[in-house]
Each structure stands twice: as structure tokens, then as C-alpha cells.
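Undergrad: Its first residue numbered 153, the sequence shown is counted upward by one per residue in this note's numbering. All C-beta atoms in this analysis are idealised placements derived from N, C-alpha and C, irrespective of residue type, glycine included.
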Amino acid sequence: MKLLFPLAFLVVAPGFAQSIPAARDVPFAGAMTLTVDLARVTQGIFQVRQTIPVAGPGPLVLLYPEWKPGNHAPSGQIENLAGLKLSAGGRPLAWRRDPVNMFAFHVDVPAGVTAVDAEFQYLSPQKEGSDRRVFGPTMANLQWESLSLYPAGYNVHNIPVRATAIYPAGWTGWTALRGQAQGSTVTYDQVPYDILVDSPVYAGAHVKQVRLDPQVSFNLVADAPWQLAITPAQEAAHRKLIEQADKLFGTRHFDHYDFLVALSDYQSGDGLEHHRSSENTLDADLLTDWDANLYDRYVVAHEYVHSWNGKFRRPADLWTPDYRQPMQNSRLWVYEGQTQFWGDVLAARSGLWSKQAYLDFLAIVVARYAEGYAGVGWRSVQDTTNQPIVTGHGPGGAWPSWFRGADYYRNSELFWVEADATIRRLTGGKRSMDDFARLFFGVEPGAWDHEVTYRFEDVVAALNRVAPYDWAGFLRTRLDGTDPSMNLRTVEAAGYRLAWGEKPTESQRRLLAKQKTDDFTYSIGLALSKQGEVKDVVWNGPAFQAGLRPTEAIVSVNGQAYDAEALGRAITDAKRGAPIRLTVKGDDRFREVGIDYRGGLRYPRLEKIGTGEGALDRLLAAR
């Protein structure tokens with residue numbers, strides 16, 4: 153008898169879930185309207201009103217976006233939707249949540265009803281976590297997929313919607329959408345629902361717009377007005393980014409492009425790609441302390457590249473007709489990995505980074521996957537493309553060097569550096585990855601209102617058109633392999649080798665200072681906060697072997713209160729046989745720990761092989 157109830161449930165529940173109509177490529181009658189009121193946005197509350205036309209009486213399923221574009225995961229924040237009320241003609245309609253799909257709401261539409269009205273609130277997280285905080289004291293980030301429902305049964309591109317935002321007095325909203333303003337209310341032009349979702353808004357009281365060229369705007373919103381002080385040199389670097397991207401891809405796939413840049417210590421930091429815009433939430437002092445923010449300057453370049461790679465050209469298994477059908481991430485090593493490659497290269501070509509900064513940051517990448525991440529020995533880059541789905545786009549585990557994470561970004565970047573060097577070798581320097589970019593991403597010049605999908609075979613075919621070779625074998629060896637040494641060979645093919653010094657380079661020092669990190673990753677296998685809290689322990693490294701774990705804290709080093717200088721001195725002295733004794737606090741208990749290590753301080757850098765220009769030197773040169 154105990155088996156009967158579970159079996160009955162298993163029969164009934166999937167049947168109910170299957171009553172959700174699949175997306176179909178059919179016309180949608182009418183257009184949705186959506187109004188978002190920001191009257192309480194400084195409390196993190198977005199108030200939503202929506203009208204959804206219906207074809208007639210009967211069952212209706214309203215969906216909240218689950219699989220969010222650019223997140224590569226079921227990361228829709230359904231837990232933040234509250235106060236849902238449905239009605240028709242002023243009369244309440246009962247709704248019930250699907251017992252299997254928490255993002256689906258079932259409602260029976262009465263006869264004579266032509267539209268269903270919905271009201272709810274989106275409650276932004278109040279602090280950073282797995283979900284983004286999307287507001288600050290003087291700004292807000294409207295992500296339409298979090299602020300709307302849509303009817304099941306239609307391709308989202310076929311559902312028209314007209315959105316309206318009611319901003320606080322004196323605020324301006326930046327977005328790729330165009331519309332008409334009346335006071336603090338802006339009604340945007342009607343667009344397909346997928347275009348709306350792809351067109352977020354950064355709004356705030358302190359704003360500035362810089363026109364980079366007739367089609368491209370750099371739109372700033374800041375916590376305070378003085379943080380908007382962009383210098384002529386900073387403007388010039390961003391203009392050069394646009395010029396260098398044009399030379400790289402040969403065509404644009406947008407009618408206009410809006411960089412949305414929030415400078416904030418309150419809104420969650422992020423970079424998220426869109427076809428005609430990008431979300432870039434960076435530290436409030438990005439422009440006013442330009443040197444300290446050296447590393448983060450690449451973010452806008454990365455997101456801009458996504459307009460070509462990821463938005464216009466998209467992996468076939470990542471494209472879906474709606475936001476309920478699961479995405480597959482098997483080509484993220486192109487979507488994200490090659491975007492990381494080109495974003496960093498364009499940062500160097502444009503002057504957002506110096507060539508030396510590029511080399512210093514690439515040295516960190518090489519060291520991580522050649523030595524710092526033991527997980528390379530068991531988990532392939534190809535398998536890391538599943539990471540967003542494994543974690544729901546949330547943070548990974550406590551042992552990233554073993555478990556690995558979103559390594560399809562940086563680890564794949566190394567393979568594309570090697571691919572560029574290989575093409576140059578095969579063609580006697582006549583061709584490079586630039587030729588691949590124009591060939592693969594420059595198709596259908598000027599088109600932007602649709603996506604062009606691709607498969608693994610299409611990537612291989614394009615590479616072979618640039619330089620005939622066993623590209624399928626080249627890629628599969630690197631994507632499926634678990635040999636850390638292959639990551640050393642990537643830069644060696646491009647004319648550089650991994651080397652070590654006793655101090656971080658200047659670029660690395662700035663990065664560590666911004667991250668507030670004391671880094672001893674490649675000596676005793678520890679990264680710590682400035683207060684001595686253990687941020688990371690390298691799997692099987694000396695600190696790991698001594699029993700340390702993340703979240704513990706080093707209280708003292710050889711009897712002296714912890715600071716980076718004391719630990720660095722102890723590591724250096726250990727080369728001559730002196731001990732490394734740590735007092736460690738964890739779970740309200742203290743213990744003494746000895747670290748068995750004699751190799752001294754080690755920080756990665758790239759060292760040139762031979763003389764003259766190598767492949768990597770030529771890759772980084774401005775066009």
C-alpha cells in the first residue's frame with residue numbers, strides 16, 4: 153500500500169506539467185503591455201502591471217522566464233516574485249502553480265475575456281549572493297525577464313510587447329530600446345518579447361552619455377555625480393575599442409549599440425551581454441581611480457564582442473524558442489571562451505590594457521591551468537561547460553582548484569591563443585584568427601534581427617577555410633584532455649613561456665590590491681584576505697597537506713600577528729631551512745600548523761622565447 157500513493161502521484165503530476173503548451177512558431181494575437189513602477193525601487197521593490205491578450209476561453213499557462221539568456225542556466229529568480237494577482241475585466245481570476253514547473257501558472261479563462269491582467273512585485277535581493285542586487289540609493293537595473301510573464305505556446309519572438317517604465321523624478325533610463333517620454337514615464341516602442349528581454353535598462357539620478365561614434369553610446373549611471381568624470385584618454389581608449397572591433401569583424405550586427413555602465417558600490421557587479429547593449433556594473437571608482445581598476449577595464453570589451461559571438465552567432469544547442477526549454481552549453485568554449493580571447497585582445501589593441509598588462513594577466517591564466525588547478529587532471533574543459541547548469545548560475549564549491557568552475561572562459565582562451573599561432577605557422581604569417589573572425593562572425597553584413605546558429609562542424613569548417621589542418625582533432629584534444637602540460641604549450645606556440653618571480657608584476661599587484669587578497673597560491677597554496685581569512689586552498693598543495701581549509705583564519709606566523717609581509721618573509725626564510733609555523737583559527741578553535749615548503753615565493757609571468765616578434769606579439773598589435 154505504501155507504493156500506491158507515490159505511483160499515483162508520478163502518473164498525475166507529469167500529466168499536469170505536460171499540459172503546458174510547447175512553444176510554436178505561430179502568430180500571437182494582439183500585443184502585451186507591461187508597466188514597471190519604480191516608486192519603491194530604493195527599497196528594492198519593482199511594482200509590475202501587465203496585460204496579456206488571450207485567444208478565447210479555456211486553459212491558459214503563464215510562464216516566468218526560467219532559462220535566462222546569457223546565464224546559460226535555469227537561473228530565473230522565481231523566488232523573488234511576490235504578490236501575484238490575476239484578473240479579467242476587474243474580476244479576480246484564480247491561479248495555481250504547476251506542481252512540477254515552479255515557473256508556470258495555470259488559469260482558466262472565462263468566456264468573453266479578451267485579456268488577462270497581472271499584478272505582482274519583483275523583490276530584489278538586498279545584498280549580493282547567487283542573485284543580483286539590482287538597485288542602489290540612486291540607481292536601478294531593469295531586467296525585463298524578471299519583471300514579466302509570458303503565455304506558453306508561442307515562440308517568444310512572436311509575442312509583441314509594449315513596455316512602460318515609471319521612473320523616480322529626475323532619473324534617466326539608458327537602454328537599447330527607443331521610446332517616448334512624458335515626464336518621468338517612458339513608453340518604449342513595441343518590440344518582440346525576446347528583444348525586450350534582450351534590452352535591459354540602467355536608470356539613475358546621476359548619468360552621463362558619451363557618444364563613441366554615430367551608432368555607439370557609452371551610457372553611465374553612478375552612485376554620485378563626481379564618479380562620472382571620464383577623461384579624454386579614457387574616452388579615446390573606448391573609441392579605439394569600437395574602431396578595432398570594426399577592423400576585426402568587418403561588419404556590425406546592430407543598428408545601434410548602447411554600453412550600459414553602472415559605477416556602483418551597491419548594485420551587484422556584473423557583465424552581461426545583449427545584442428544591441430551590454431550590462432556592465434563595475435566599481436564606483438572605475439573612472440576616478442583608473443589605475444587601480446586596470447583589470448576590470450576588459451569587461452566592456454568582452455561584452456561588446458558578444459554582440460557578434462553569442463548573440464548574432466549562437467550555438468545551435470543554446471538557441472531555444474522560449475525561456476522554458478532547457479539550453480545546452482556544449483559550445484561555450486566558443487561563445488564564452490573565444491569571446492574572452494577576443495575581449496582581452498581588443499583590450500590590448502585599444503589601449504584599455506597595455507600589452508604588458510595583457511601578458512601579466514595571461515600569465516595568471518597559464519599558471520592556473522598548468523599548475524594551480526589540480527582539477528585539470530580529472531575534469532575536462534568540455535565538461536566545465538555544464539557548470540552553469542550544475543550550479544544554477546550560482547557560486548561553485550569551496551575547492552575550485554579541484555572541482556573547477558566556469559573554466560570554459562579562461563582555459564578555452566588559451567586554446568584560441570594557440571590556434572592563432574598555429575594558423576600563422578601554417579600560412580607563413582599570412583593569416584590568423586582575425587581571418588576566422590571576419591569569416592565566421594562577419595556573415596550577413598548588417599543583419600541583427602535574428603540569430604545565425606552553428607555546430608561544432610561549422611567551427612571546424614571555418615578554421616579549415618582559413619588554414620587547412622586537423623582542426624577537429626586540435627579542438628577535441630584540448631577540450632577533452634586532462635593533461636595540465638597542454639596549457640603550457642599554448643603560449644609556447646605563440647612565442648612565450650611561463651616563468652616565475654618572487655613578486656607579482658605591477659599589473660598583478662593592482663589586481664590583488666583591488667581584490668583585497670594576499671596571494672601565496674604558487675608557493676604554499678593559499679590565498680587570503682588582508683585579515684588572514686583563508687579564501688582558497690590549492691588542492692594537494694603544501695597548505696592543503698597541512699590540513700588548512702577555506703574560511704579558517706591565520707592568526708599568527710612564527711609567533712607574529714598575521715600580515716602578508718610576515719607570511720612572505722617566513723616563506724622566503726624557509727628556503728634556508730627556517731620553519732613556517734601558523735596559528736590557525738577555525739570553528740572557534742585554535743591550532744598550530746606547520747607548512748612543509750622550501751620553494752620560496754613564486755608569482756607567474758610570461759617570458760619571451762627568442763628574439764623578434766612572435767605570434768602573440770603580432771596578435772596584440774593594433775590594426
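What are the start and end residues of the alpha helix (DSSP H) that includes Thr703?
TA: Where Thr703 is concerned, there is no enclosing alpha helix (DSSP H), given that its DSSP letter is neither H nor E.
Undergrad: Identify which residue in Asp670, Ala175, Gln332 and Gln229 has its Cα closest to the Cα of Tyr306.
TA: The candidate whose alpha carbon is nearest that of Tyr306 is Ala175.
Undergrad: State the DSSP-derived secondary structure class of Phe411, mapped to helix, strand or coil.
TA: Residue state, collapsed to three classes: strand.
Undergrad: Count the other CB atoms within 10 Å of the CB of Asn779; is the residue buried (16 or more) or exposed (fewer)?
TA: No answer is possible for residue 779: the residues shown for the chain start at 153 and end at 775.
Undergrad: State the start and end residues of the unbroken beta strand (DSSP E) segment that holds Leu212.
TA: Leu212 -> beta strand (DSSP E) spans Gly210 to Leu215.
Undergrad: Which runs of the alpha helix (DSSP H), 4 residues or longer, sit entirely within the stretch 377–402?
TA: Those alpha helix (DSSP H) runs which fall completely within the stretch 377–402 and span 4+ residues are 384–401.
Undergrad: Using the rule of at least 16 other Cβ atoms within 10 Å of the residue's Cβ for burial, across every protein chain shown, is Val413 buried or exposed?
TA: Under this definition Val413 is a buried residue.
Undergrad: Who are Val343's beta bridge partners in DSSP?
TA: Val313, per the DSSP bridge assignment.
Undergrad: Considering only C-alpha positions, which residue in the set Pro289, Val353 and Leu238 is nearest to Thr316?
TA: Nearest option by C-alpha distance: Val353.
Undergrad: How is the alpha helix (DSSP H) around Lys737 delimited, first residue to last?
TA: No alpha helix (DSSP H) contains Lys737, which is instead part of the beta strand (DSSP E) from Arg733 to Gly738.
Undergrad: Helix, strand or coil for Lys360 per DSSP?
TA: In this structure, Lys360 counts as strand in the three-state DSSP scheme.
Undergrad: Would Tyr648 and Lys760 qualify as a contact pair, given that the criterion is a beta-carbon distance under 7 Å?
TA: Result yes, Cβ atoms of Tyr648 and Lys760 sit closer than 7 Å.
Undergrad: Check for me: the beta strand (DSSP E) holding His454 runs from which residue to which?
TA: Here His454 belongs to no beta strand (DSSP E); instead the alpha helix (DSSP H) covers Tyr450 to Val457.
Undergrad: Between Ser429 and Arg750, what straight-line distance do the alpha-carbon atoms span, to the nearest angstrom?
TA: Their Cα atoms are separated by approximately 51 Å.
Undergrad: For the beta strand (DSSP E) holding Gln295, just list the boundary residues, first then last.
TA: Where Gln295 is concerned, there is no enclosing beta strand (DSSP E), given that its DSSP letter is neither H nor E.
Undergrad: Going by beta-carbon coordinates alone, are Ala270 and Leu301 separated by less than 7 Å?
TA: Contact flag set, yes.
Undergrad: Just to confirm the assignment: which complete beta strand (DSSP E) runs, minimum length 3, are found wholly within the stretch 194–251?
TA: Entirely contained in the stretch 194–251, the beta strand (DSSP E) runs reaching 3 residues are, in chain order, 197–205, 210–215, 233–240, 243–245 and 247–249.
Undergrad: Compute the Euclidean distance between the alpha carbons of Arg201 and Pro303, then round it to the nearest angstrom.
TA: One C-alpha to the other measures close to 15 Å.
Undergrad: Excluding five sequence neighbours on each side, which residues of the same chain lie with their C-beta closer than 7 Å to the C-beta of Lys737?
TA: Contacts found: Glu704, Ala705 and Val707.
Undergrad: Would you list, in sequence order, the uninterrupted alpha helix (DSSP H) runs of no fewer than 4 residues that lie entirely inside the stretch 467–532?
TA: The qualifying runs are 484–487, 489–502 and 507–519.
Undergrad: Kindly list the residues whose CB is nearer than 6 Å to the CB of Arg770, restricted to its own chain and excluding five residues on each side of it in sequence; keep chain order.
TA: Nothing meets the Cβ criterion.
Undergrad: Taking only the alpha-carbon atoms, compute the straight-line gap between Pro262 and Thr203 and give it to the nearest angstrom.
TA: Cα to Cα, Pro262 sits roughly 16 Å from Thr203.
Undergrad: For Lys668, does the count of other Cβ atoms within 10 angstroms reach 16, so buried, or fall short, so exposed?
TA: Exposed, by the Cβ-count rule.
Undergrad: Do three or more CB pairs link the stretch 429–449 to the stretch 625–636 at distances below 8 Å?
TA: With the cut-off at 8 Å, the stretch 429–449 and the stretch 625–636 do not touch.
Undergrad: Would you call the stretch 564–578 in contact with the stretch 477–490, where contact means no fewer than 3 C-beta pairs closer than 8 Å?
TA: Flag = yes, the stretch 564–578 and the stretch 477–490 touch.
Undergrad: Taking Trp652 as the reference, which of Gly544, Tyr755 and Val188 has the closest Cα?
TA: Measuring from the Cα of Trp652, the nearest candidate turns out to be Tyr755.
Undergrad: Output the distance between the C-alpha atoms of Val745 and Thr735, rounded to the nearest integer angstrom.
TA: Approximately 6 Å, taken between the alpha carbons.
Undergrad: In whole angstroms, what is the alpha-carbon distance linking Phe493 and Val686?
TA: Going by the C-alpha atoms only, they are around 30 Å apart.
Undergrad: Output the distance between the C-alpha atoms of Phe608 and Arg483, rounded to the nearest integer angstrom.
TA: Distance between the alpha carbons of Phe608 and Arg483: 7 Å.
Undergrad: Run through DSSP, which three-state label would Gln697 get?
TA: In this structure, Gln697 counts as helix in the three-state DSSP scheme.
Undergrad: If you compare alpha carbons, which of Gln419, Ser459 and Ala355 is closest to Ala589?
TA: Nearest option by C-alpha distance: Ser459.
Undergrad: Given 8 Å as the limit, is there contact between the stretch 290–298 and the stretch 183–194, that is, 3 or more CB pairs closer than that?
TA: Segments in contact, yes.
Undergrad: Taking a contact to mean a Cβ-Cβ separation below 7 Å, would you say Ala558 touches Gln539 in this structure?
TA: Their beta carbons are under 7 Å apart, which means Ala558 touches Gln539 by this criterion.
Undergrad: In the DSSP assignment, find the alpha helix (DSSP H) that holds Trp568 and state where it starts and stops.
TA: Per DSSP, Trp568 belongs to the alpha helix (DSSP H) from Arg562 to Leu578.
Undergrad: Rounded to whole angstroms, what's the CA-CA distance from Ala515 to Leu758? Just pull it up for me.
TA: Cα-Cα distance, rounded: 5 Å.
Undergrad: May I ask you to list the residues that DSSP assigns as paired with Gln273?
TA: DSSP, once it has assigned bridges, lists Gln199 and Ala234 as partnering Gln273.
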